[in-house]
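Asks: Handing you this structure, nothing more for now.
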Amino acid sequence: MPDVAAPRPPVAPRPSSAERWCGGGCPGSVALAARYPQTTNAAGENGTRLHGLAATALNGGERIYGAEDAKVVDPYVADVFREHWGRPGSELRIEKGAQWALNPLLKGTPDAVLLDPANKLLIIWDLKTGWRLIEAMMNWQLICYAIMLCPPQWTIELRIAQPLPYHPDGSIRSWALNWAQLMQLAMRVDAAVKEAMAPGAVLRPGKHCLYCDALTGCVAARDVSLGAVEYAAGEPVELPDEHIGRELEVLRETVKILELRMGALEESTAAKLRAGAQIPGVAMREGKGGKTKWAVDEKAARSTIHLLTGKDPAVPHLPTPTQLKNAGVSEAMLRPLTKYQPGKMVVSTDVDDRAKKIFGSEPNMEHIK
Ligand code: SF4
């Protein structure tokens, strides 16, 4: 949930968002996103923390972290050290800023870089701490770092270290390329930087809108979603078989774009409401997931209920408060022993409330009278 506003850096294409502005993505996103508050979220903050732990370990510091953090940090640290220790004379750089000499607008900070002059080999790592699978091959973020750092005629290996999600190629994935291939890609990056920095750079919505800071207010993304709604709500037609696959693809892409916009809008609205803003027709309400739990330890709950009802409720295990209530134990008797843990708060609109009256837990049969 993006809810923390961080200071906004100056307008410049960053390697970390290169998947968005490079390689046929959205050139206009560089300038547009710079007009919105830079947001982060719990997963992002956790990622920053894990990167800090990894950098400390790679710089020879103490490894003070638990087993859960170790699952993410250790495979990456081990891979970097294995390469460094196995390559005498190699130079290891951890989180050192870099800039592209050809186009100084492009700068960034790779997680780890190894320069091995004996073998004319450059290895660049990017640690990914999330669950969304990221590939090493044609990874524009790593390509940007490579064009900043690679000495002429060296070979390059780009590595993604992503220990959490399963990937058939393992948690450390590599892509090797030679100097000539890198130069071809450098021309594309140069063209993309120039396109992104040109006045009126085109906005091109797509999957890359995910995590774009401009998503809540982007007119192009909004037009796509409204156009998609219009398309999806159009008169149904009997599709020839050869068009069904394409139609499904279009509808699935449409749903993805709508979900992205809806998620971004809900998050920014929740942040405003939490900060005390009044937004007509919109409020926070409790979502699903609320439950009644034992407020006392289970032994105490069991013996109290046994005492009051004359029956031992723990056969074979102590049921949940809700199960006991459903089995006829009075709510008044359970109340002192339980507490209600509310569900997550969600953004709710008038439309949700009207829909709830028709379809939800407060039946209103007006509509079928
Ligand atoms: S939301 Fe999508 S279309 Fe709009 S600027 Fe961001 S990437 Fe481009």
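Following this note's numbering, the numbering of the sequence shown begins with 175 at its first residue and continues without gaps.
Note that the Cβ used here is the ideal one computed from N, Cα and C, for glycine as well.
1) Output the distance between the C-alpha atoms of residue 249 and residue 226, rounded to the nearest integer angstrom.
2) Tell me where the beta strand (DSSP E) around residue 203 begins and ends.
3) If you compare alpha carbons, which of 413, 377, 412, 189 is closest to residue 396?
4) Anyone know if the C-beta pair for residue 317 and residue 359 falls short of 8 Å?
5) The ligand SF4 and residue 200: does any heavy atom of the ligand fall closer than 7 Å to the residue's C-beta?
6) Based on the DSSP output, what are the partners of residue 299 in its beta bridges?
7) By Cβ distance below 8 Å, which residues in the same chain neighbour residue 458 in space, the five residues on each side in sequence not counted?
8) Considering Cα atoms alone, identify which of 196, 380, 494 is closest to residue 430.
9) Would you check whether the ligand SF4 has a heavy atom nearer than 7 Å to the C-beta of residue 187?
10) Please name the residue in 287, 251, 280 whose C-alpha comes closest to that of residue 264.
11) Taking 7 Å as the cut-off, does the CB of residue 488 come closer than this to any heavy atom belonging to the ligand SF4?
12) Just tell me which of 365, 257, 208, 242 has its CA closest to the CA of residue 232.
13) Please state whether DSSP places residue 350 in a helix, a strand or coil.
14) Would the beta-carbon of residue 251 fall within 8 Å of that of residue 228?
15) Would you say the beta carbon of residue 432 is closer than 7 Å to some non-hydrogen atom of the ligand SF4?
16) Identify, in the order they occur along the chain, each residue of the same chain with its Cβ nearer than 8 Å to the Cβ of residue 326, setting aside the five sequence neighbours on each side.
17) Secondary structure at residue 453, three-state DSSP: helix, strand or coil?
18) State the DSSP-derived secondary structure class of residue 513, mapped to helix, strand or coil.
19) Count the other CB atoms, across all protein chains shown, that sit within 10 Å of the CB of residue 293; report buried if there are 16 or more and exposed otherwise.
20) Quick one: what's got a C-beta closer than 7 Å to residue 515's C-beta in the same chain, skipping five residues either side?
21) Buried or exposed: where does residue 322 fall if 16 or more other Cβ atoms within 10 Å of its Cβ makes it buried?
Replies: Taking the geometry as given:
1) 15 Å
2) Segment 203-207 is the alpha helix (DSSP H) holding residue 203; no beta strand (DSSP E) there.
3) 377
4) yes
5) In this structure, the C-beta of residue 200 approaches the ligand SF4 to less than 7 Å from one of its heavy atoms.
6) Per DSSP, 286, 333.
7) 444, 447, 448, 519, 520, 521, 522
8) 380
9) no
10) 287
11) no
12) 257
13) strand
14) yes
15) no
16) Answer for residue 326: 353, listed in chain order.
17) coil
18) strand
19) exposed
20) 464, 465, 467
21) buried
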